[in-house]
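Position in the sequence shown (first residue = 1) + 1 = the numbering used here.
One structure below.
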Amino acid sequence: ITGLIALPAAAQAHLVNSGLGPFDDGALHLLLSPADLAGLIAVALLAGLRGPEAGRFVTIALPACWLLAGLVGMQLPAMLDLPWLTMLAFSLFGLLVAADVKLPPAAVATLAALYGVLQGLQNGSALASIGADLTALFGIVMTSLVIALLIAAAVIVTTAPWGRIVIRVAGSWLVAAGVMMLAWMLQGAG
Numbered sequence: 002i003t004g005l006i007a008l009p010a011a012a013q014a015h016l017v018n019s020g021l022g023p024f025d026d027g028a029l030h031l032l033l034s035p036a037d038l039a040g041l042i043a044v045a046l047l048a049g050l051r052g053p054e055a056g057r058f059v060t061i062a063l064p065a066c067w068l069l070a071g072l073v074g075m076q077l078p079a080m081l082d083l084p085w086l087t088m089l090a091f092s093l094f095g096l097l098v099a100a101d102v103k104l105p106p107a108a109v110a111t112l113a114a115l116y117g118v119l120q121g122l123q124n125g126s127a128l129a130s131i132g133a134d135l136t137a138l139f140g141i142v143m144t145s146l147v148i149a150l151l152i153a154a155a156v157i158v159t160t161a162p163w164g165r166i167v168i169r170v171a172g173s174w175l176v177a178a179g180v181m182m183l184a185w186m187l188q189g190a191g
């Protein structure tokens, strides 16, 4: 009987349906999607390392592009699913964080905007495929804004040398996670 209680009633491959409402379902989708969340964390870490101006640009560009691309994605005839590109993106962002590459704020914002477009297209098309409305997309976008804002702000105020090393180590872990996820995906495809 204990085993039967542990069995799930339903499994869903992409978006979360919590029963809390569409906004919260969108927010939970982002929080429960490791690759999407890792990319968001990596972009926010990079923005924070590059300073307040980059942080401000990213917290505007990322959610705006995510929302606009999500609206476009909701109009696509089929679900767009590019997990390899998401993993490649967060591995690249992690590498930039780990190496502490001195990018100008506009370059960081451009990378964040491109990530927002990628995620928006994928999330929008997935939402459309399950018949979800704009409220779920707003949940995803607002959650991405809050996470990016909080992480970038925390990194910006980190001035201790050991703190910046911890941030760079986190970037290297993101690279390692991305490489492992890509390898697992390629192994499953082969």
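Note that beta-carbon positions come from the ideal geometry of N, C-alpha and C, so glycine has one too.
As the structure is a prediction and not an experimental result, all values here were calculated from the model.
{"Asked": "Tell me whether the region 136-153 and the region 96-112 touch, counting them as touching only if at least three CB pairs, one residue from each stretch, are closer than 8 Å.", "Found": "no"}
{"Asked": "Contact check, A149 vs V118 under 8 Å by CB: the rounded distance?", "Found": "Contact doesn't hold; Cβ gap of about 15 Å is too wide."}
{"Asked": "Can the beta-carbon of A36 be found closer than 9 Å to that of G74?", "Found": "no"}
{"Asked": "What did DSSP end up calling A12 once you bin it into helix, strand or coil?", "Found": "Residue placement at A12 is poorly supported in this model, since its pLDDT is 48, which falls under 50; the coordinates are not used for a value here."}
{"Asked": "If you follow the alpha helix (DSSP H) that I131 is part of, which residue opens it and which one closes it?", "Found": "First-last for I131: undefined, no H or E at that position."}
{"Asked": "Report the rounded CA-to-CA distance for L72 versus A107, giving the unit in angstroms.", "Found": "24 Å"}
{"Asked": "By DSSP, does G121 sit in helix, in strand, or in coil?", "Found": "helix"}
{"Asked": "Taking the alpha-carbon of M181 as reference, which of P53, H30 and W85 has the nearest alpha-carbon?", "Found": "W85"}
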